[in-house]
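These notes concern the structure reproduced below.
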Amino acid sequence: MAGFVVMEGSPGLTLDQVAHAVSPGRGRDASGYGLSTKGLLRATHAAEFIIKQGIEARGGVAIASGYKTPADKSGKPWSPPRSSEIFRRGKPEAYSTADAWRKLGVGAAAIRIEPRSFNSITNLVNCEYGGRGGSRGYFPDDRPVAIVAQEKHLERFIDVIAPKVLRRDYLGIVVPEEDDGLDQDGSLYRLASQATLLGVRPNAPYIVGRTTIMARGIGA
4 MAGFVVMEGS PGLTLDQVAH AVSPGRGRDA SGYGLSTKGL LRATHAAEFI IKQGIEARGG
64 VAIASGYKTP ADKSGKPWSP PRSSEIFRRG KPEAYSTADA WRKLGVGAAA IRIEPRSFNS
124 ITNLVNCEYG GRGGSRGYFP DDRPVAIVAQ EKHLERFIDV IAPKVLRRDY LGIVVPEEDD
184 GLDQDGSLYR LASQATLLGV RPNAPYIVGR TTIMARGIGA
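Each number in the working numbering corresponds to the 1-based position in the sequence shown with 3 added.
What follows is the structure, encoded as C-alpha cells:
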C-alpha cells in the first residue's frame, strides 16, 4: 500500500491480509489530558492507515491502547463521557487517541479502547486477552493485526513482544519521524522486555496477571 512502510512480522504475511490495527500509547502531554507530540504523530499515522486499509469495511477493529507510564503522575481524576468509571490520574492515552481518530474520519464502529495498559508488553497482552471481549480480548476474531509505532519501538514489538504474547499473525507499520537522538527504545528496554517475558507464550495461563506483575517490577 503506497505511503506506508511495512516491517515484516509473521513470515509470509502480506498487508492485504491484515484486518485489525493496534496503536500502542506513546506518552501523554504535561497536562495528563492529551497526547505527547510523538503520541499524536502515532495516532495520526494510525488513523491514515486504518482508513486506507479499510479496517471498518473488513469487519476489523482499530484498538487504541494505553493509560500512562508509571512515572507519569499528571492529571486529576477523570471519567469517560457517560461512564461511572474513574481514572485516578488524568485521561488515558487510549481515549485521546480514539478522539483523534474520530476527528480524522475513522469510523466509530471500528474503534476499541484499551485504557489500562502501562507499557509495551501490557499494551499487546491487554489487547489480546483483556477487556470484556471474552477469550479474544478486544478482537472479534483471529485475523492478522498491524502494530503501528515509530521504528525503534516497533522493532521491540515485532522482535521481542509479539512472538511471545500474540496468538495471531502480525506485522508493523512504521510511523515516520525525525531522529531526535534520544534512544527511548534501545537495548535496556529490549533486555527488560525479554526478562519480563521469560517463560511466557501465547495462551499461557494467567498471562495478563503474570505480565502485569512482572512489568511493574522490572519496568519493561
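For glycine and all other residues, C-beta sits at the position ideal for the given N, C-alpha and C.
Close-in-space but distant-in-sequence residues of the same chain around residue i (CB under 8 Å, 5 per side omitted)
i, result
"A111", "R105"
"R170", "E131, D145, P205, N206"
"Y173", "G12, S13, L16, P147, V148, A149, I150, I161, A165"
Sequence-distant residues of the same chain with beta carbon closer than 7 Å to residue i, five excluded per side
i, result
"R193", "R159, V163"
"A218", "N122, I124, T125, T199"
"E154", "V177"
Buried or exposed by the 16-neighbour rule on C-beta atoms within 10 Å, applied to residue i
i, result
"S3", "Outside the shown range of the chain (4 to 223) lies residue 3, about which nothing can therefore be said."
"T40", "exposed"
"I216", "exposed"
"K76", "exposed"
"I58", "buried"
"S86", "exposed"
Closest by C-alpha distance to residue i, when choosing among the options
i, options, result
"L16", "Y209, N206, G175", "G175"
"P147", "G6, F7, S13, V9", "S13"
"I53", "G78, H23, P73", "H23"
"R61", "D172, T72, D19, S120", "D19"
"H48", "K167, R213, V9", "V9"
"V21", "A46, L38, K55", "K55"
"E180", "L38, A33, V25, G42", "G42"
"G93", "S196, A46, P208, R119", "R119"
"L107", "S99, A50, G140", "A50"
For residue i, the residue or residues it bridges with in DSSP
i, result
"H23", "V148"
"I114", "A65"
"V168", "Note: V168 sits in no beta bridge, so no partner."
Residues near residue i by beta carbon distance below 6 Å, same chain, minus five either side
i, result
"K71", "R31"
"G136", "Because G136 sits at a pLDDT of 49, beneath the cut-off of 50, its placement in the model cannot be relied upon, and the point is left open."
"A97", "A67, S68, G69, I116, E117, P118"
Segments of 3+ residues assigned as beta strand (DSSP E) that fall wholly inside the region 27 to 104: 65 to 68
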